[in-house]
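Read through the structure below, which is laid out as structure tokens, and then see the notes.
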Amino acid sequence: MRPDTWGMFADPAIWRFFGDGLVQTLALSVVSVVLSFPVGLAFALGRLSSRRWIRWPATAYVEAIRALPVLLLIVYFGIKGSSLFRPIFGADFELPRFWAGVLGLSLYTSAVLAEIIRAGILTLPRGQTEASRALGLSYPQTMRFVVLPQALRLMVPAMMGQLTTVIKDTSLVGTIGVFDLLRQGRTIYTQFFNPIEVLLIVATIYFVICFVLSQLSRRLELGSVTREAKIRMTELELRDQAA
Amino acid sequence: MIEFRDVHKHFGLLHVLRGITLAVREGEVLVIIGPSGSGKSTLLRTINRLEPIESGTLVVDGIAVHEINTDVNRLRKRVGMVFQSFNLFPHLTAAENVMLAPTKVHGIPTKEARERALALLAKVGIPEKADVHPARLSGGQQQRVAIARALAMEPKVMLFDEPTSALDAEMIREVLDVMRQLAKEGMTMLVVSHELGFAREASDRVVFMDEGRIIEDTPTADFFVSPKEERARQFLSKVIRH
Numbered sequence: 001m002r003p004d005t006w007g008m009f010a011d012p013a014i015w016r017f018f019g020d021g022l023v024q025t026l027a028l029s030v031v032s033v034v035l036s037f038p039v040g041l042a043f044a045l046g047r048l049s050s051r052r053w054i055r056w057p058a059t060a061y062v063e064a065i066r067a068l069p070v071l072l073l074i075v076y077f078g079i080k081g082s083s084l085f086r087p088i089f090g091a092d093f094e095l096p097r098f099w100a101g102v103l104g105l106s107l108y109t110s111a112v113l114a115e116i117i118r119a120g121i122l123t124l125p126r127g128q129t130e131a132s133r134a135l136g137l138s139y140p141q142t143m144r145f146v147v148l149p150q151a152l153r154l155m156v157p158a159m160m161g162q163l164t165t166v167i168k169d170t171s172l173v174g175t176i177g178v179f180d181l182l183r184q185g186r187t188i189y190t191q192f193f194n195p196i197e198v199l200l201i202v203a204t205i206y207f208v209i210c211f212v213l214s215q216l217s218r219r220l221e222l223g224s225v226t227r228e229a230k231i232r233m234t235e236l237e238l239r240d241q242a243a
Numbered sequence: 244m245i246e247f248r249d250v251h252k253h254f255g256l257l258h259v260l261r262g263i264t265l266a267v268r269e270g271e272v273l274v275i276i277g278p279s280g281s282g283k284s285t286l287l288r289t290i291n292r293l294e295p296i297e298s299g300t301l302v303v304d305g306i307a308v309h310e311i312n313t314d315v316n317r318l319r320k321r322v323g324m325v326f327q328s329f330n331l332f333p334h335l336t337a338a339e340n341v342m343l344a345p346t347k348v349h350g351i352p353t354k355e356a357r358e359r360a361l362a363l364l365a366k367v368g369i370p371e372k373a374d375v376h377p378a379r380l381s382g383g384q385q386q387r388v389a390i391a392r393a394l395a396m397e398p399k400v401m402l403f404d405e406p407t408s409a410l411d412a413e414m415i416r417e418v419l420d421v422m423r424q425l426a427k428e429g430m431t432m433l434v435v436s437h438e439l440g441f442a443r444e445a446s447d448r449v450v451f452m453d454e455g456r457i458i459e460d461t462p463t464a465d466f467f468v469s470p471k472e473e474r475a476r477q478f479l480s481k482v483i484r485h
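Chains as they are written, first to last, in my numbering: chain X, 1 to 243; chain Z, 244 to 485.
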């Protein structure tokens with residue numbers, strides 16, 4: 001690092017350039033997580049279904065997608081995305097790269113969320129479902145009013161963890177030409193020949209966002225779920241992190 | 244009201260119910276006792292089909308529980324159940340616990356359901372805890388909320404699965420008082436419990452189970468004076484000693 005390589009950071013234009021990248025990064029993360037949540041929920045419930053013709057495809061989806069690198073999914077949609085949608089949107093449809101990135105990220109994230117949600121549901125004591133069913137509530141009612149309100153609260157920390165993972169994974173969309181934070185950084189350092197300085201700045205921005213999020217999730221009240229369930233959830237998370 | 248005819252049930256290789264035949268009339272209070280693993284809880288849980296049976300017939304309030312396509316939710320509306328571990332919904336207040344089924348299953352308006360919930364909580368002796376979450380209630384209070392929750396569906400039968408086993412002496416009394424009151428009001432009750440004091444005072448019949456069979460089914464008065472079966476006699480002497 002030479003002292004003269006830092007001067008450029010005084011230029012507000014550079015920061016605006018970083019800012020544009022940051023906006024892309026955050027937009028990609030938020031859109032991907034928001035899209036993956038309902039999909040993940042559906043597949044979690046599918047995997048827990050007692051009907052084989054629902055459970056098997058759901059299991060196959062989750063296991064297959066989780067076993068693929070995110071980068072592969074992103075590159076696939078970057079290359080093939082447009083032609084995939086042409087039957088629906090017409091012959092000259094071009095999938096914007098941003099959305100190709102969103103698709104790759106969402107597909108992967110939905111499979112991970114499905115597992116987080118499934119773990120959350122399975123962590124609840126069985127007595128909760130039994131008590132609800134014994135009162136005459138149907139299976140969907142039991143899910144909606146008894147199981148999910150508790151399971152989702154249990155899952156907040158794991159889901160926040162997944163959000164930080166997604167934020168970091170968005171850096172992969174640079175490969176298909178989306179100008180996220182890291183990609184913008186690359187553009188800057190190839191012009192100014194100061195990769196170390198630029199990457200230090202980029203790393204700091206990623207760190208600040210993810211650190212704030214993880215602190216936030218730690219403070220979020222888990223809500224009034226049973227202590228036993230909280231403990232089991234923590235164990236599951238530790239196991240996931242170890243794996 | 245409830246009629247078991249030659250009911251069998253396995254858990255894997257374990258034959259937990261071996262030819263149960265039992266009839267319960269409306270308004271009767273039965274206490275089911277027996278060593279652990281004798282099938283008492285399973286027997287209770289077949290009545291609202293938390294455990295499906297494999298053979299034999301089981302009719303509850305005119306509903307054929309053994310038939311595959313029986314509407315279980317219709318059955319369960321008429322059968323209230325209280326569990327050993329209370330199983331209150333921790334994310335809801337006491338009143339909300341009581342209101343959930345009436346509002347979601349019967350579609351009773353919230354305001355009306357709340358009034359009824361408050362009345363039921365008063366009945367079980369804890370009107371002041373209506374807006375408290377279960378985590379802040381004692382075990383005895385939680386179990387009383389659970390009883391109120393089951394009563395809210397106006398069941399024809401109440402099942403109690405070791406309702407006081409997780410409680411200490413002080414709280415056992417407050418729960419048993421509520422159950423005694425219910426028995427007095429003519430509720431049909433099946434109680435799996437080792438509370439012989441309760442059995443003696445409040446029940447009409449004592450059913451003794453061992454290894455998946457009903458060994459003895461006697462009017463309460465006779466049971467305590469002279470249990471007919473040797474197994475029951477041994478069990479009774481053990482339970483009473485401590």
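Even for Gly, the Cβ is constructed at its ideal location relative to N, Cα and C. If you're wondering where the values come from, they're calculated on a predicted model, not measured in any experiment.
In chain Z, which residues lie with their C-beta within 7 angstroms of the C-beta of residue i?
i: A131/X; result: F326, N330
i: S138/X; result: N316
i: F145/X; result: L343, K347
i: L154/X; result: Ordered by position in chain Z, no residue passes the 7 angstroms Cβ test against L154/X, which lies about 10 angstroms from the chain.
i: G127/X; result: F326, S328, N330
Can you tell me which of the options puts its alpha carbon nearest to the alpha carbon of residue i?
i: R379/Z; options: A442/Z, I276/Z, T336/Z; result: T336/Z
i: L260/Z; options: F466/Z, R456/Z, T463/Z, L439/Z; result: R456/Z
i: F77/X; options: W53/X, Y108/X, L135/X, R126/X; result: Y108/X
i: L286/Z; options: A409/Z, M342/Z, A362/Z, H251/Z; result: H251/Z
i: V302/Z; options: V400/Z, R387/Z, S328/Z; result: V400/Z
i: G174/X; options: L105/X, C210/X, L152/X, I14/X; result: L105/X
i: A356/Z; options: E444/Z, E246/Z, L394/Z; result: L394/Z
i: R133/X; options: A409/Z, T407/Z, E472/Z, R321/Z; result: R321/Z
i: L154/X; options: A119/X, R183/X, L135/X, G177/X; result: A119/X
i: L41/X; options: W99/X, F17/X, I121/X, K80/X; result: I121/X
i: L318/Z; options: L137/X, A151/X, I116/X, S50/X; result: L137/X
i: E339/Z; options: F329/Z, A360/Z, N330/Z, T313/Z; result: A360/Z
i: R97/X; options: Q215/X, L172/X, M8/X; result: L172/X
Determine the direct distance from the alpha carbon of residue j to that of residue i, and round the result to whole angstroms.
i: E264/Z; j: E294/Z; result: Rather than Glu, the amino acid found at residue 264/Z in this sequence is Thr. Approximately 17 angstroms between the Cα atoms of the pair.
i: L45/X; j: A111/X; result: 12 angstroms
i: I458/Z; j: H258/Z; result: 16 angstroms
i: K481/Z; j: S279/Z; result: 13 angstroms
i: G368/Z; j: L433/Z; result: 22 angstroms
i: S224/X; j: L364/Z; result: Because S224/X sits at a pLDDT of 41, beneath the cut-off of 50, its placement in the model cannot be relied upon, and the following sentence gives the value as read from the coordinates. Straight-line Cα distance between these residues: approximately 21 angstroms.
i: D180/X; j: L73/X; result: 17 angstroms
i: M143/X; j: L71/X; result: 34 angstroms
i: S217/X; j: F441/Z; result: 49 angstroms
i: I14/X; j: F192/X; result: 11 angstroms
i: I276/Z; j: E358/Z; result: 37 angstroms
i: V272/Z; j: E371/Z; result: 30 angstroms
i: N291/Z; j: V75/X; result: 54 angstroms
i: H437/Z; j: R288/Z; result: 17 angstroms
i: H485/Z; j: P38/X; result: Annotation note: pLDDT 48 at H485/Z (below 50); position unreliable, coordinate value reported separately. Between H485/Z and P38/X, the C-alpha separation is close to 56 angstroms.
i: V267/Z; j: A362/Z; result: 29 angstroms
i: M160/X; j: I205/X; result: 18 angstroms
i: V34/X; j: G101/X; result: 14 angstroms
i: A243/X; j: L28/X; result: Low confidence applies to A243/X: its pLDDT is 44, below 50, so where it sits in the model is not reliable, and the reading given next is rough at best. Using only the alpha carbons, I get a separation of about 27 angstroms.
i: I188/X; j: V202/X; result: 11 angstroms
i: S469/Z; j: S328/Z; result: 33 angstroms
State the beta-bridge partners of residue i as determined by DSSP.
i: I276/Z; result: F451/Z
i: K252/Z; result: L260/Z
i: I306/Z; result: V303/Z
i: I247/Z; result: Here the sequence assigns Phe to residue 247/Z, which means Ile is not the residue at that position. Partner(s): L265/Z, L301/Z.
i: V325/Z; result: F403/Z
Which residue marks the beginning of the beta strand (DSSP E) containing residue i, and which one marks its end?
i: I458/Z; result: 456-462
i: D404/Z; result: 400-404
i: V375/Z; result: No beta strand (DSSP E) holds V375/Z; DSSP gives it neither H nor E.
i: M155/X; result: Premise fails: M155/X lies in the alpha helix (DSSP H), 148-169, not in any beta strand (DSSP E).
i: L433/Z; result: 431-435
So which residues of chain X does residue i contact, with C-beta pairs closer than 9 angstroms?
i: M396/Z; result: L135, G136
i: R293/Z; result: The sequence as given places Leu at residue 293/Z; Arg does not occur at that position. Near L293/Z (Cβ distances below 9 angstroms), the residues of chain X are E130, R133, A134.
Using a cut-off of 8 angstroms between C-beta atoms, extract the partners of residue i located in chain Z.
i: P149/X; result: H334
Start and end of the alpha helix (DSSP H) containing residue i?
i: L45/X; result: 12-48
i: N340/Z; result: 337-348
i: S82/X; result: 70-89
i: N486/Z; result: What the structure shows of chain Z is the stretch from 244 to 485, and residue 486/Z is not part of that stretch, so it cannot be assessed.
i: V421/Z; result: 412-427
i: A395/Z; result: First-last for A395/Z: undefined, no H or E at that position.
i: A67/X; result: Note, A67/X: premise wrong, no alpha helix (DSSP H); not H, not E.
i: T190/X; result: 181-192
Which chain X residues are close to residue i, counting only those with a beta carbon under 8 angstroms from its beta carbon?
i: L433/Z; result: Simply none; closest approach about 14 angstroms.
Residues, ordered as in the chain, of the region 297-321 of chain Z that lie near chain C by beta-carbon distance below 7 angstroms: Among the protein chains of the structure shown, namely X and Z, there is no chain C.
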